[in-house]
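In the UniProt record's numbering, the protein residues as written are 1 to 370.
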């Protein structure tokens, strides 16, 4: 798309920062470039809207958090599903006990992405590029919203920090990362989160999360903001999604630096409040960097696993002239409904799960607020 007359274009973000001196920078670049661009932007005095996944390790998360605290800048992370009023309503219902004691959270999604999607750029479908993590797999990137929403809902139920997991990762094409996966997370205080997703499905499941409790079950289709609460027969659209860039701009407009006092700009309490997105004249950032720590911890842990296992053409069916995994939409739905791994469902192409633990971050609150 051509730019309007008079709008400058840059191929180097450092030149942009020097020539334009923006107050807010939107970073929607490949995942492995997020941290260096964000650090340069914060050093130049910018507040950020940073595309998901924000960073790819807890070490990177800590480095960016320190830079934000030192500079007094803030970072909103582009998990736009967290601007959903349907999600907020479900979080409130869980916290109020409307579902009773929550026993599980399960996310499901099935999309079609053609072969060209995985080869459209040098970084796509890559695990590492030029010595930096990319981790462009189904869990960390396309279905990152599903994982993040699951963690938010589990947090609302008091589940705590992710502690351990089992994951199965598969691929149709010869590539470094998964197009299809099943993940089971064990959280510190109680129950499991299950996520089953695929990018090679001839049947579309937009993306949904089921929260089960002793008092009923809720269903959230997160891309469409449709919500079904206990007692309802069908999901109902909940209007009023908040745009994350508008929320960031509102936060900036309402932020009252005098609340901390000019002399207290280096005060630790003020810095902590800014990091949490709570110093904004009554306007709260919906997705401050701090709220994504658990998500990044999971992505960091998953990075240590083996490469995805191939799915043989015998288990595929042609869709638009390319291989889709036969019946995968039914498989991921079953995995979500039964809170089961693909191997536990005895899917013929499923091989084995890799199990490991999730690191903690010193001083990190396990609560994740939408």
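In this text, a Cβ means the ideal position worked out from N, Cα and C, and glycines have one as well.
In three-state DSSP terms, what is residue i?
| i | result |
| --- | --- |
| residue 336 | helix |
| residue 143 | coil |
| residue 130 | coil |
| residue 14 | helix |
| residue 78 | strand |
| residue 209 | strand |
| residue 204 | strand |
| residue 20 | helix |
| residue 7 | coil |
| residue 356 | strand |
| residue 31 | helix |
| residue 120 | coil |
| residue 243 | coil |
| residue 103 | strand |
| residue 288 | strand |
| residue 263 | At residue 263 the pLDDT is 45, less than 50, meaning the model places this residue with poor confidence; the figure from the coordinates comes in the next sentence. Note: residue 263 maps to helix in three-state DSSP. |
| residue 114 | coil |
Can you round the beta-carbon distance between residue i and residue j to whole angstroms, since I take them to be within the 8 Å contact cut?
| i | j | result |
| --- | --- | --- |
| residue 153 | residue 105 | 5 Å |
| residue 140 | residue 302 | 7 Å |
| residue 371 | residue 326 | Given a span of 1 to 370 for the chain in the structure shown, any question on residue 371 remains unanswerable. |
| residue 383 | residue 34 | Lying outside 1 to 370, the shown extent of the chain, residue 383 is not represented and no answer is given. |
| residue 178 | residue 184 | Contact doesn't hold; Cβ gap of about 15 Å is too wide. |
How would you label residue i, buried or exposed, when you count the other beta carbons within 10 angstroms and need 16 or more for buried?
| i | result |
| --- | --- |
| residue 454 | Past the boundaries of the shown model lies residue 454; the chain is included only from 1 to 370, so the question cannot be answered. |
| residue 56 | buried |
| residue 233 | exposed |
| residue 295 | buried |
| residue 237 | exposed |
| residue 142 | buried |
| residue 201 | buried |
| residue 168 | buried |
| residue 350 | buried |
| residue 3 | exposed |
| residue 5 | exposed |
Residues in the same chain with beta-carbon distance under 8 Å from residue i, minus the five sequence neighbours each way, listed in chain order, please.
| i | result |
| --- | --- |
| residue 382 | In the structure as shown, the chain begins at 1 and stops at 370. Residue 382 is therefore absent and cannot be evaluated. |
| residue 361 | 58, 61, 62, 293 and 297 |
Tell me the residue span of the beta strand (DSSP E) that contains residue i.
| i | result |
| --- | --- |
| residue 227 | 226-228 |
| residue 136 | Counting along the chain, residue 136 falls outside any beta strand (DSSP E), and DSSP gives it neither H nor E. |
| residue 184 | 180-187 |
| residue 192 | 192-198 |
| residue 48 | 47-51 |
| residue 345 | That residue, residue 345, is in no beta strand (DSSP E); it is neither H nor E in DSSP. |
| residue 220 | 216-221 |
| residue 324 | 322-325 |
Going along the chain, which residues of its own chain have a beta-carbon closer than 6 Å to the beta-carbon of residue i, five neighbours each way excluded?
| i | result |
| --- | --- |
| residue 113 | 199 |
| residue 81 | 145, 149 and 222 |
| residue 366 | Any reading at residue 366 needs caution, since the residue's pLDDT is 42, under 50, leaving its predicted position unreliable; the model's value is listed next. Answer for residue 366: 160 and 161, listed in chain order. |
| residue 126 | 134, 136 and 176 |
| residue 156 | 91, 94 and 95 |
| residue 109 | 143, 146, 197, 205 and 207 |
Measuring only from the beta carbon, is residue i closer than 7 Å to any heavy atom that is part of the ligand SAH?
| i | result |
| --- | --- |
| residue 79 | Summarising the ligand content, the structure contains no ligands, and the ligand SAH is consequently not present. |
From which residue to which residue does the alpha helix (DSSP H) around residue i run?
| i | result |
| --- | --- |
| residue 295 | 293-302 |
| residue 90 | 85-95 |
| residue 171 | Unbroken run through residue 171 is the beta strand (DSSP E), 162-171; no alpha helix (DSSP H). |
| residue 318 | Residue 318 -> not in any alpha helix (DSSP H); beta strand (DSSP E) instead, spanning 316-319. |
| residue 174 | Premise fails: residue 174 is in no alpha helix (DSSP H) and is neither H nor E. |
| residue 58 | 58-71 |
For residue i, which residues of its own chain have a beta-carbon under 7 Å away from its beta-carbon, when the five flanking residues on both sides are left out?
| i | result |
| --- | --- |
| residue 99 | 93, 211, 213, 215, 216, 218 and 230 |
| residue 158 | 189 |
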